[in-house]
Every structure is written in C-alpha cells, then in structure tokens.
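Anchor point for the sequence shown: position 115 equals 115 in the working numbering, and the numbering is continuous, going up by one each time.
Virtual Cβ for every residue (Gly too), placed ideally from N, Cα, C.
Written out below as structure tokens is the structure these notes cover.
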Amino acid sequence: MPLFPLYSEVGKMMELYRGEKKEVVYGMIKSIWKHTGTPQNPVDWTDPDTWIGERLAGEEARFARKVWAQGVNPRHVYGSYLLINGYQLAAPGADGCYEVTLRGEAFLRREPEVVYALDEAEGLVELLSIIATKERAQRKDLLPEWGTFLRRFSKFGTESTIKDTLRRRLANLVERGLVQRSGFNYAITPEGLRYTAVKQKAVEDPKKSVLDQVARFNGQQKQVLQQKLGSMHPYRFEQLVRDLLEAMGYEDVTVTKESGDKGVDVVANVQFGITTITEVVQMKRQQGNIGRPVLDQLRGALPYHKALRGTIITTGDFSVGCKEAALFPGAAPITLINGEKLMELLIRHEIGISKRSVELHQLDDEYFREPSEQEQAEKALEAEEMKP
Numbered sequence: 001m002p003l004f005p006l007y008s009e010v011g012k013m014m015e016l017y018r019g020e021k022k023e024v025v026y027g028m029i030k031s032i033w034k035h036t037g038t039p040q041n042p043v044d045w046t047d048p049d050t051w052i053g054e055r056l057a058g059e060e061a062r063f064a065r066k067v068w069a070q071g072v073n074p075r076h077v078y079g080s081y082l083l084i085n086g087y088q089l090a091a092p093g094a095d096g097c098y099e100v101t102l103r104g105e106a107f108l109r110r111e112p113e114v115v116y117a118l119d120e121a122e123g124l125v126e127l128l129s130i131i132a133t134k135e136r137a138q139r140k141d142l143l144p145e146w147g148t149f150l151r152r153f154s155k156f157g158t159e160s161t162i163k164d165t166l167r168r169r170l171a172n173l174v175e176r177g178l179v180q181r182s183g184f185n186y187a188i189t190p191e192g193l194r195y196t197a198v199k200q201k202a203v204e205d206p207k208k209s210v211l212d213q214v215a216r217f218n219g220q221q222k223q224v225l226q227q228k229l230g231s232m233h234p235y236r237f238e239q240l241v242r243d244l245l246e247a248m249g250y251e252d253v254t255v256t257k258e259s260g261d262k263g264v265d266v267v268a269n270v271q272f273g274i275t276t277i278t279e280v281v282q283m284k285r286q287q288g289n290i291g292r293p294v295l296d297q298l299r300g301a302l303p304y305h306k307a308l309r310g311t312i313i314t315t316g317d318f319s320v321g322c323k324e325a326a327l328f329p330g331a332a333p334i335t336l337i338n339g340e341k342l343m344e345l346l347i348r349h350e351i352g353i354s355k356r357s358v359e360l361h362q363l364d365d366e367y368f369r370e371p372s373e374q375e376q377a378e379k380a381l382e383a384e385e386m387k388p
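Structure follows, in structure tokens:
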C-alpha cells in the first residue's frame with residue numbers, strides 16, 4: 001500500500017470518521033489534491049488554520065478543521081484513508097456514514113492477531129526480519145533486500161516507490177518501538193525481536209529462527225566488545241586506537257601520551273579534499289559523560305600541535321554543554337564520538353571484531369508456481385499455431 005501511515009494517525013482518523021459520510025471524507029482529500037501545485041508553482045501547506053478557509057468550503061472545510069483540531073494536518077491523511085478502507089477498519093453503514101468495523105475496533109485495541117495480520121500483509125514483518133540480520137543499518141543498506149521483496153510480492157518496482165515505502169514503514173516501526181533510530185541508523189529492539197517471533201504457530205519458519213539467533217548473537221558480541229574496551233591492557237588499547245584511526249583514513253598516527261583516565265592522546269594527519277591537515281584525537285575510557293572542560297582543553301591544545309581540528313572518542317557519552325560547544329561559531333571544530341558510535345565504527349571497520357558470511361539457501365517459490373490461466377491459454381495458442 002502506498003503512503004503507508006503511522007498507526008497512531010490511523011487510530012485518530014478512525015475515530016474522526018465515525019458519523020462522517022464517505023463523500024465528505026473523500027471529497028476533502030480530493031479537493032486538497034487539486035491544490036497540490038507543481039515544483040514550478042509550489043503551494044504552502046504548513047498552516048492549516050490559513051489554507052483550510054482559502055482552499056476548502058462547506059462540509060469539506062468543516063471536516064478538515066475537525067481533523068486539524070486533533071493535531072493531524074488534513075494535507076497528509078490520504079495514507080490513512082487508503083489503509084482504513086482497504087482493510088475495512090471502518091466502512092459506511094446503511095445511512096452512508098462511517099462506522100468502525102469489528103476488525104477496526106480490534107485494531108484500536110491493538111489486538112495482536114489483527115495488527116500482526118496487517119503488518120504481515122504490508123511487509124512490516126519482512127522488514128523487521130531484514131533489519132534483524134544487521135547490527136545497525138542505514139536505509140541504503142536495507143534497500144536491496146527490501147526491493148527484492150517488493151518486486152516479488154507487490155506491484156511496486158520503481159526505485160522511488162521502493163525508497164518511499166521503506167521510509168514510511170521504518171517510521172511506523174520506530175514509532176511503535178520495534179525499531180530504534182539513531183541518526184541515519186536503524187536497529188531492531190528487543191521488543192522487535194520478540195515481535196518477529198510471533199509467526200503463525202502452526203508453522204515454524206526456520207529462516208526467521210536463524211535470523212533471530214544471528215541478531216541475538218550479534219548483540220551479545222557487541223556487549224562483550226564493550227566490556228573488553230574497559231578492561232583491556234593499555235598497550236592493546238593503544239593499538240586498537242591506532243588501528244581504528246588508520247581504518248578511518250588517518251595517516252602518521254602518533255601516540256603522544258596515555259591520559260590519566262586510561263585513555264590515549266593521538267596526533268594524526270587526515271586528507272581533507274586536496275589538503276592534508278593535522279588533527280588531535282583524544283580517546284577516553286569512561287562510562288559517565290564528558291563535560292565541556294575536556295573539550296575546551298583539547299581545543300586550546302590544537303595550536304601546540306599545529307592542528308586545525310580535534311576529535312574526542314569516548315566509551316561513555318557527552319554532556320549537553322559539551323555537545324553545544326563542539327561546533328561553536330568561529331572556534332576550531334571538535335568531532336564527538338560517543339560509545340554507541342564507537343561500537344558502530346569498530347564493527348564497520350572490523351577492529352577487534354570480525355564478520356562471518358553464511359550462505360542461506362531459500363527455495364524460489366516463484367519458479368515453481370503454477371502457470372496462470374492466461375499463460376496456459378497463450379501456451380495452448382502457440383501449440384495450435386505450431387500444428388501443420
């Protein structure tokens with residue numbers, strides 16, 4: 001289904017549909033669509049208080065204001081309309097007004113069987129399974145498998161529609177806590193892993209079982225890696241810092257000293273466009289937040305090393321003040337890499353951790369499917385034409 005919505009919005013719209021005639025609801029959507037505009041003549045939809053009165057009238061304007069009163073921009077409700085009507089979560093009664101169906105009431109109560117059936121039909125269960133095989137992934141990392149799934153089981157096939165369906169379904173899963181988003185990265189949550197296990201009880205899916213075990217194993221290995229960073233010998237930690245920075249593209253990595261908190265101070269060169277610049281990197285091993293004084297101290301030391309910028313890497317995190325000061329206007333930029341980002345870098349560059357590829361053989365059901373009536377008719381016609 002295109003324009004796949006958030007379930008929270010679907011629930012709001014179902015309640016708003018009660019007692020409303022379908023022609024009013026669809027009429028509002030159709031009237032808004034007529035005013036969409038073009039790239040050459042864009043239309044501003046940011047303030048419904050303004051545009052509802054300018055572009056809608058009568059019952060359509062009334063319903064649009066009703067929708068906006070619940071915090072939903074009427075400009076963006078077509079996805080909910082398609083899902084509600086497509087899955088009969090609400091339907092017009094004898095008087096032509098919408099009533100929430102039994103399935104719809106179950107959806108509003110978030111009954112697992114109804115929600116799961118909808119998720120499975122719309123590919124969200126498959127998407128969770130794809131994410132479960134990866135420690136952390138950006139949308140571009142998910143596109144190949146998601147695109148293969150859509151081309152096989154849906155009518156979506158263009159690159160733009162595949163990207164849009166992925167983006168909208170990820171937003172749905174993030175809102176429900178089944179997937180966690182950090183910057184541009186997505187990772188399945190423990191709740192998401194449990195949800196993927198809710199497969200049809202009558203038939204166990206061995207593929208999902210394998211993927212779940214892989215995700216659990218990867219999570220355990222990540223925890224062990226975090227523990228190792230805090231307890232490893234200073235010499236080995238120094239080597240890890242060198243290896244990571246070199247993998248990230250730094251050259252001439254020189255350890256200047258070991259800091260008192262079991263960290264390491266490093267000076268290295270990095271290519272920036274056609275210029276090579278010097279950078280000072282501090283690696284801190286601590287679980288708490290690093291405050292602004294550490295950042296100010298590093299920034300003050302840059303001229304001593306003839307460095308133009310710096311980086312602080314920590315196994316912990318950074319205080320709000322430290323984050324705000326990192327990109328202070330006019331000051332030398334300081335990049336901040338916290339424990340979560342550090343884990344991601346170590347895993348990406350395979351520093352202290354290695355990746356193993358496993359071949360998974362899956363039957364191609366499409367290859368063995370029964371021919372359609374049209375295909376059989378065409379084959380019979382060809383056979384007739386071949387007769388002398």
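Below 8 angstroms, enough C-beta pairs join the segment 57 to 74 and the segment 21 to 41 to call them touching: three or more. Pairing Ala247 with Ala301, the inter-Cα distance amounts to about 25 angstroms.
Here Ala90 is near Val100, since their CB atoms are less than 8 angstroms apart. Between the alpha carbons of His361 and Pro206 lies a gap of roughly 11 angstroms. DSSP links Phe272 through a beta bridge to Thr275.
Under the three-state reduction of DSSP output, Ala247 falls in the helix class. Residue pairing by DSSP puts Ser182 in a beta bridge opposite Asn185.
Around the CB of Asn41, fewer than 16 other CB atoms lie within 10 Å, so the residue is classed as exposed. In chain order, Asp119 and Thr196 place their CB closer than 7 angstroms to the CB of Val125, counting only its own chain and leaving out the 5 sequence neighbours on each side. Taken through DSSP and simplified to helix, strand or coil, Pro329 comes out as coil. In this structure Ile277 touches Leu308 by the C-beta definition: roughly 5 angstroms separates them, less than 8 angstroms. For the 8 angstroms CB-CB criterion, Arg299 and Ala332 form a contact.
Excluding its 5 nearest sequence neighbours in each direction, Val255 has C-beta neighbours in its own chain below 8 angstroms: Glu238, Val241, Arg242, Val264, Asp265 and Val266, listed in chain order. Contact between Ile312 and Leu342 fails: their C-beta atoms lie close to 11 angstroms from each other, not under 8 angstroms.
By the 16-neighbour rule on beta-carbons within 10 angstroms, Pro303 is exposed.
Looking only at Cys97, Lys306, Arg194 and Arg292, the smallest Cα-Cα distance to Ala325 is reached by Arg292.
Between the beta-carbon of Met13 and that of Ile84 there is about 6 angstroms, and that keeps the pair under the 8 angstroms contact cut. For Leu83, the uninterrupted alpha helix (DSSP H) segment begins and ends at Tyr78 to Gly86. Sequence-distant partners of Arg168 (beyond 5 residues in either direction) whose C-beta falls short of 8 angstroms from its own C-beta, in its chain, are Leu3, Phe4, Pro5 and Gly79. If one requires a minimum length of 3 residues, the beta strand (DSSP E) runs lying completely within the segment 43 to 124 are 90 to 92 and 98 to 100, in chain order.
For Thr165, the number of other beta carbons within 10 angstroms of its own is at least 16, and it is reported as buried.
8 angstroms or more divides the Cβ of Arg18 from the Cβ of Trp45. Contact between Ile334 and Leu295 is confirmed by a C-beta separation of about 6 angstroms, below the 8 angstroms threshold. Secondary structure at Ile290: strand, using DSSP grouped into helix, strand and coil. For Arg309, the secondary structure class from DSSP, reduced to helix, strand or coil, is strand.
In this structure, Leu211 sits away from Ala121, with a CB-CB distance that is not shorter than 8 angstroms. Counted as a single uninterrupted DSSP element, the alpha helix (DSSP H) harbouring Leu166 occupies residues Glu159 to Glu175. For Gly11, the secondary structure class from DSSP, reduced to helix, strand or coil, is helix. Collapsing the DSSP output to three states places Thr196 in a helix. For Ile32, the enclosing alpha helix (DSSP H) stretches over residues Lys22 to Lys34. Taking 8 angstroms as the cut-off, the beta carbon of Leu142 is found no closer than this to the beta carbon of Gly11.
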